[in-house]
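Below: the structure, in C-alpha cells.
Number of protein chains: 2
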Amino acid sequence: MSLVHDAPPGSSRSEAAARLLAAGCPLRVMKFGGTSVGDLERITKVAARVEQSLGGGVKAVVVVSAMGRTTDRLLTWAREIAQRPSRRELDVLAATGEQQTIALLSLALAERGVKARSFTGPQAGFLTDSLFGGARILAVDTTRVERALAEYDVVVVAGFQGADADGNITTLGRGGSDTTAVALAAALGAPECEIFTDTDGVYTTDPHVIPSASKLDVIDYDEMLELASQGAKVLHPTSVWYARRYGVRIHVRSSFTHTQGTIVTSLADATEGSMLSHRPVTGVALDLNHARIDLHTVPDRPGVAAEIFNALGAAGVSVDMIIQGVRGAGDSRQQMAFIVNRDLVQDALEALRPALDAMGASAEVGDGVAKLSLVGIAIGSTPGIAGTMFEAVSAAGANIEMITTSEVRISVLIPAEHAHAALRSVHSAFGLEDGDEDDESRSSQVNG
Amino acid sequence: MSLVHDAPPGSSRSEAAARLLAAGCPLRVMKFGGTSVGDLERITKVAARVEQSLGGGVKAVVVVSAMGRTTDRLLTWAREIAQRPSRRELDVLAATGEQQTIALLSLALAERGVKARSFTGPQAGFLTDSLFGGARILAVDTTRVERALAEYDVVVVAGFQGADADGNITTLGRGGSDTTAVALAAALGAPECEIFTDTDGVYTTDPHVIPSASKLDVIDYDEMLELASQGAKVLHPTSVWYARRYGVRIHVRSSFTHTQGTIVTSLADATEGSMLSHRPVTGVALDLNHARIDLHTVPDRPGVAAEIFNALGAAGVSVDMIIQGVRGAGDSRQQMAFIVNRDLVQDALEALRPALDAMGASAEVGDGVAKLSLVGIAIGSTPGIAGTMFEAVSAAGANIEMITTSEVRISVLIPAEHAHAALRSVHSAFGLEDGDEDDESRSSQVNG
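Written out as C-alpha cells, the structure is:
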C-alpha cells in the first residue's frame, strides 16, 4: 500500500507516556469527525461530551475534522477557479476547515469552564513529506502538546494536516483525521484512541445498505485494514495501519450515544484466540469508487507491464486488481485491464499516454464497476470460502470480471448494477445478519 | 498611540532591495482588501489585474484580506458559541479567512499561467508579540518570500496575521492587511506599496456621506495618520505609521479602474513644499465608533486619575478625549469623562470596577456620541482655524461636549444625531468641496 511507511511517529513516545502517568494523568485521545462537528450546536455537544470524559485528573487530546461539508465546499471553490488546481494550494485552502473547528471547539470548552488550547497540525508537531493532498507523517514532535497538557485540561488538535520540512502546509488526504488521532495516541503513549462517528461501531457490512448487518464487538487490525481499504468508510486504512504498527487500540463508537462500540485490536495476541474459529468471515465491503481501464493492442513482450505500471506509479496512481491475457493464438498483441480510483482516471490516462503512443496501444475507460470484498482473518486457512462467495455472487445475477485474493480477503469486480444484490447475497450466505448466527461474541453485540 | 512601536521590520531590508534590483527585478507590492476579493469572480479579476502589472521582469508581492464578510461571519460564530471568547482562539479562527484567499488567488494566477505561491503570515516571516487580536509586528524575516521570488512571478501573502515567538497564530487587528503590505514593502526594500480598495483614493471626507468631497492627489503621512486614526477607513493608521517610519510611499487606488489614486508621502521633504501653504486643512473625519463613559463622585485627591487610567491601560483599553472637572465649590468629589471604542466598553467597566468601588465612585455609559476631526499638516501654525470649525459645528446645531487639539488636528465630541450636519457644515466652511476651491494641486485631481 502506498499510504503506509516505516517511519516512527515520534521517538519520545515512552517518555511521554511515563511522564503523564507519573503525573497521575490518564490521557484520553478522542477524535470527532465532520458530522459530529457539523454545526455550532454539535460542536457545543462535543464540548459537553469531552467535559464528561474528564474528571479524576483525566486529560484529553481531542482531534477534530472540518465542519460537515466544509472541505467539499472549499475544494469546489478551487475547481471553479482553476481547471487543474495545484495540490500545494489545495492543501493551504483545505487546512482552514479543521483550523476553524479547533478554534470553535476550544471556545466551546472554555465556555464550560474546561481549560482548552487549540493547535493546528503543524503546531502539534506533525512533520510530513511533501506529497500534497496525500502526505505521509514522518514524525510527530509532541513537545508543545505535552507542555500544553501540563497546563490545560484539553488540547484540541486539527486532524488531517501537517507541514513538510520547508514549512509548507500539507494534508494527509481524505479521512486523514483518523490517522492524526492514532499517530498522536502512539506518540503520546496512550493505549487507546477513541474514534467518535455517526455509527455506533464497525458492522459486518454497511448497515445503510443492508439493514440486517450486525455490529462487531471486536475486530482484528488486519481485518479492519482490509475492510477499510476495500471501501468501509468507518475508519481510514492508514489509521488502522498505524494502530497495528504501534499497538494502539482503537475504539470506534457513536458521538451521539454512550453505547460501547467496536474495539479494533490484535486478536492473534488476545487470550480469547479461540474466538477466531467462530468466524472465518468478519465482514463484506462494497467499493463503488473505482473505474476500469482497459488497454488494447499492447505488445506481448517482456518489460511492457513494468513500463505501464511504473508510469502510473510515478504519477502517484495506485492500481488495484489487474488482468492480463493474450488475445488469440499467434497474435503478438495482448489486452490488459486494471482498476483505479475514479478521481485518478485522468491522471492515469495522462501518465500512460507517452508509453501507449510508443507502443501503438490504446486505453478505454469503463465506469460502472463495483468491487465486492469478503474479509476475515482466517479466510486463507478455511477451505470452501471462495466457492461459497462466487456462488452467492452468481446467484445475484452478477458476472465476475476480475478476482483477487489474499490471506484475509477475496475481492471480485462485478457490474455496478448488480452490486447491492450481490452484497446482500454474500452477506447472507455467510450468516452475517444481525441475530442470525450463534456466535456468542457477536450475538452479545446485537443489543450492545 | 498604542499600536505603534519602534522595532524594525527586518534587518535585511537594504540587502533584499539590492539583490532584487541587481537581479533586474523591479518589485511591486500590492494589497487587495476584502471587497476586492469578495467572491470567486472578483478573485479572478484581481488575478488578471496582477498579471497586467507584470512584464519586463517585474515581480509582485500581493497581500490579500479575507473574502468580503468572512471575518465577520467567523467572529459571529465565535460569539454564538462563547460569551467572552478567548482572543487566542479568535485569532486561530479569523486567520483562516486570509488563508483561504491566498490559496484561491494563487490558483487563479496559476490558471492564467502566472507562477504564484502562497504564504500565510507566519510562513511569510511575520513575527509579532502575543497581544492576540491586536498584535504588533516585531520583525519580518523575508528569507522565504525572497527565495520564492527567485522562482515565482508572484508571491501571495495573507494579510492581517503572524505568529508570536511560541508559534501561536496572531492577528494584527482590523485593517491589519494594510500594515502587512507596508511592512513587507519596507522589509523588501520596495519604494512603494499599492493599496487597492473600493474607492479611487483618499478624499477630503467620506464621499458616501458628503458626495461633494474631493479626491486628494497627494497627502502627507502625518495628515493621513490623523485622518486614519480619526475614523477615515481607507487606510489603517498602523500602516501609515509604518510607511512614514520606513519611508514607503503608499498609493491608494481603485481595484476596479486604472485611475491614478492618492499618494501618501512626506510633503515636508517634497520639493513642492510650497503646496502646504495652499491648504491648512486637508480633510474632515467622522468617527461614530466611540462611547462616552462618565465617572461620578470621584474623590478629588492626587493620584486618582493615574489609578483610573492605569487600570484601563492594563486592560488594553485605549482612552481618547478626557475631561475632568470639580463639581461645585467645597465639594471634594469631582466628575470625569472620557471616550473609548464601543467594543471595549465592557472591558473598560470591568477594569474600572475595583478602583471605583474602593473610591465610592460610579460609572455611566453614554452612547450616541460622534467625534468630528479636522486634519491638516499646518493646523497648529495657522490662526483662526479652531474658531472657524467651532462656528461651523454650532451652525449645524451641535453642542460641543469635548475638545482635543494637536499640531495637525482639532477634534470635537458632539451628539451623534448632529454628526452628519456638522460634518457637512465643517467640510463646506473650509472649502473642501470638489471643484469648489482654487487650489491648483487639488483641482487637478478632480478629473484624476
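So the protein lines, in turn, are chains A and B. 225 is the number of the first residue of the first sequence in our numbering; add one for each residue after it. 225 is the number of the first residue of the second sequence in our numbering; add one for each residue after it. A virtual CB, placed ideally from N, CA and C, is assigned to each residue, including glycine. Because the structure is a prediction, the values reported are computed rather than measured.
Residue environment, residue i, which counts as buried when at least 16 other CB atoms sit within 10 Å
{"i": "B:S479", "result": "buried"}
{"i": "A:F654", "result": "buried"}
{"i": "A:P607", "result": "exposed"}
{"i": "A:Q307", "result": "exposed"}
{"i": "A:P309", "result": "buried"}
{"i": "A:N392", "result": "buried"}
{"i": "A:H432", "result": "exposed"}
{"i": "A:L656", "result": "buried"}
{"i": "A:S556", "result": "exposed"}
{"i": "A:H482", "result": "exposed"}
{"i": "B:E370", "result": "buried"}
{"i": "B:R577", "result": "exposed"}
{"i": "A:G279", "result": "exposed"}
{"i": "A:R303", "result": "exposed"}
{"i": "B:Q347", "result": "buried"}
{"i": "B:P461", "result": "buried"}
Within chain A, partners of residue i - CB distance below 7 Å
{"i": "B:S342", "result": "E313, V316"}
{"i": "B:P309", "result": "L331"}
{"i": "B:Q347", "result": "G391"}
{"i": "B:A272", "result": "The contacting residues do not exist; B:A272 stays about 12 Å from chain A at best."}
{"i": "B:L351", "result": "Chain A residues near B:L351: none, gap ~14 Å exceeds 7 Å."}
{"i": "B:D284", "result": "Reading off the sequence, residue 284 of chain B comes out as Ala, not Asp. Near B:A284 there are no residues of chain A at all, since even the closest Cβ is about 17 Å away, more than 7 Å."}
C-beta contact flag for residue i and residue j at 9 Å
{"i": "B:V505", "j": "B:G584", "result": "no"}
{"i": "A:L580", "j": "A:L647", "result": "no"}
{"i": "A:I361", "j": "A:I419", "result": "no"}
{"i": "A:F256", "j": "A:A318", "result": "no"}
{"i": "B:H651", "j": "B:A437", "result": "yes"}
{"i": "A:L412", "j": "A:T366", "result": "yes"}
{"i": "B:V464", "j": "B:A452", "result": "yes"}
{"i": "B:V287", "j": "B:L408", "result": "yes"}
{"i": "B:A414", "j": "B:R252", "result": "yes"}
{"i": "B:V564", "j": "B:S542", "result": "yes"}
{"i": "A:E574", "j": "A:A539", "result": "yes"}
{"i": "B:G292", "j": "B:G337", "result": "no"}
{"i": "B:V274", "j": "B:L328", "result": "no"}
{"i": "A:G386", "j": "A:F356", "result": "no"}
{"i": "B:V381", "j": "B:I326", "result": "yes"}
Under 9 Å from the C-beta of residue i: neighbouring residues of chain B
{"i": "A:Q324", "result": "L298, W301, V316, L317, T320"}
{"i": "A:L373", "result": "By Cβ distance, chain B contributes nothing, its closest Cβ being about 15 Å from A:L373, past 9 Å."}
{"i": "A:A363", "result": "Simply none; closest approach about 17 Å."}
{"i": "A:L176", "result": "Residue 176 of chain A lies beyond the range of chain A shown here (225 to 672); nothing can be said about it."}
{"i": "A:K646", "result": "Note that residue 646 of chain A corresponds to Ala in the displayed sequence, not to Lys. None at all; the shortest Cβ gap to chain B is about 41 Å."}
Counterpart residues of residue i in DSSP-defined beta bridges
{"i": "B:N565", "result": "B:H514"}
{"i": "B:T489", "result": "B:D444"}
{"i": "B:T352", "result": "B:I361"}
{"i": "A:E416", "result": "A:R473"}
{"i": "A:Y427", "result": "A:K439"}
{"i": "A:K339", "result": "According to DSSP, A:K339 bridges with nothing at all."}
{"i": "A:D544", "result": "A:I563"}
{"i": "B:R557", "result": "B:P523"}
{"i": "B:L251", "result": "B:K283"}
{"i": "A:T483", "result": "In DSSP, A:T483 forms no bridge with anything."}
{"i": "B:G655", "result": "DSSP lists no partner for B:G655."}
{"i": "B:F256", "result": "B:V288, B:F420"}
{"i": "B:S635", "result": "B:S597, B:T628"}
Where residue i meets chain B, residues with beta-carbon distance less than 7 Å
{"i": "A:A334", "result": "A306, S310"}
{"i": "A:I267", "result": "I305"}
{"i": "A:A411", "result": "The premise fails here: A:A411 is roughly 18 Å from chain B at the closest Cβ pair, so nothing lies under 7 Å."}
{"i": "A:A582", "result": "Neighbours of A:A582 on chain B: none; closest Cβ ~29 Å, over 7 Å."}
Chain A residues whose Cβ lies nearer than 8 Å to that of residue i
{"i": "B:L408", "result": "Correct list: empty, because the minimum Cβ distance to chain A is about 17 Å."}
{"i": "B:A538", "result": "Correct list: empty, because the minimum Cβ distance to chain A is about 22 Å."}
Within chain A, partners of residue i - CB distance below 9 Å
{"i": "B:L264", "result": "W301, E304, I305"}
{"i": "B:A290", "result": "The contacting residues do not exist; B:A290 stays about 10 Å from chain A at best."}
Just to confirm the assignment: which complete beta strand (DSSP E) runs, minimum length 3, are found wholly within the stretch 288 to 318 of chain B? Restricted to the stretch 288 to 318 of chain B, not a single beta strand (DSSP E) segment is unbroken, complete and at least 3 residues in length.
Would you list, in sequence order, the uninterrupted beta strand (DSSP E) runs of no fewer than 3 residues that lie entirely inside the stretch 563 to 613 of chain B? Entirely contained in the stretch 563 to 613 of chain B, the beta strand (DSSP E) runs reaching 3 residues are, in chain order, 586 to 590, 593 to 599.
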